[in-house]
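A short worksheet on the structure shown next.
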Amino acid sequence: MAEAQSFELLKIKRKSLRTAVTKVVNELEAELSNSDLNVDRLCELVEILCIKFEPLTLIDQQMESLFKPEEFDGEFEITEKYREKVLLWQFRAKKKINEFSKPRVTSPSLQTTLSQSQDVHFRNSDNIHIKVPKYHITRFYGDDASKWLTFWNSFETAPYIRMNL
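With positions in the sequence shown counted from 1, the corresponding number in our numbering is that position plus 1160.
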């Protein structure tokens, strides 16, 4: 009996959270379609949506084990639809926020100055490439014993032996 009662309480809680999430999604949709966009309000709505959606996912996870097998598929689909809806509107809002957060350049001279400063930045970055000479070590195949001494002496001139190289 206690399990059925807790299941009903979880259903009631989930219903109110789904309503709250839908309300925030609708506000977010209205704000995004508004021609006079308020970026601060968008940020607030995204944060509220995240806060409201988190307990909804926890309740859905708690309820998964309490569903009968024949009810599980339908409930899982509804849960996934809510999840997709929330993720979609979060993405759209964040995309719009990023669009308005980028600095806008309208003047061609300012744009040229910005591109030149970026070029200087890339030239002065830590990615310095230095060309070093190739060091070739000859191979000794063992077929001619008279070449062994020449081969072995080439290691005496190697940079790790002679520090002045």
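We put the CB at the ideal spot given by N, CA and C, even for glycine.
- R1178 has its alpha-carbon roughly 24 angstroms from the corresponding atom of D1200.
- Inside the segment 1202-1276, DSSP marks whole alpha helix (DSSP H) runs of 4 or more residues at positions 1229-1261, from first to last along the chain.
- For the pair E1235 and E1163, the Cα-to-Cα distance works out to about 18 angstroms.
- The count of Cβ pairs closer than 8 angstroms, one atom from the segment 1186-1206 and one from the segment 1226-1235, stays below three, leaving the stretches out of contact.
- Annotated as proximal: K1256 and L1192, with beta-carbon spacing under 8 angstroms.
- Fewer than three Cβ pairs drawn from the segment 1240-1252 and the segment 1291-1301 lie within less than 8 angstroms of each other, which leaves the two stretches out of contact.
- Listed in chain order, the non-local C-beta contacts of R1252 below 7 angstroms within the same chain comprise L1192, local neighbours out to five positions each way being set aside.
- Distance between V1206 and S1166, taken at the CA atoms: about 31 angstroms.
- Counting of Cβ neighbours within 10 angstroms places W1312 among the exposed residues, the total staying below 16.
- If you ignore the 5 residues before and after K1245, its C-beta comes within less than 7 angstroms of the C-beta of V1185, all in its own chain and listed in chain order.
- Within its own chain, the residues whose Cβ lies closer than 6 angstroms to the Cβ of M1223, once the five positions on either side in sequence are excluded, are L1170, listed in chain order.
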